[in-house]
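Input: a single structure, listed below in structure tokens.
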Amino acid sequence: MATATTASALNRMLDPPSRSLSVEAARVIVALEIDAALQDRIEELADRCNEGMLTPEERAEYDGYVEGAEILSLLKLKARRLLGGRDVA
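Here the sequence shown is numbered in this note's numbering, starting from 17 and rising by one per residue.
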């Protein structure tokens, strides 16, 4: 899981490219969703993590998903700000 320091660093690193987003690109980013199969896998790994049952390979996989989700969340936040809180549609 990303620490506050890591999240802050990611936020700062994503500032320059996010400032160059077009409105259409921001809408596309806000609308991004992961597919159902991947969501199911993440939930399965999260459950196993909560139970303390992850293998080292599953831990690495899960950590990758968590880090990816952090990046996607920050991108979506920046895109929403660019859109001024307007809906995607």
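No residue lacks a Cβ here, since even glycine has one placed at the ideal position from N, Cα and C.
- Between A42 and L98 a beta carbon distance of about 5 Å is seen, short of the 8 Å cut, so the two are scored as contacting.
- In the DSSP assignment, M29 falls within the alpha helix (DSSP H) that extends over 20-35.
- DSSP, reduced to helix, strand and coil, places G84 within a helical segment of the structure shown.
- Annotation: A52 to E59 spans about 10 Å, alpha carbon to alpha carbon.
- When Cβ pairs closer than 8 Å are counted between the two stretches, the segment 28-42 is seen to touch the segment 84-101, the count reaching three or more.
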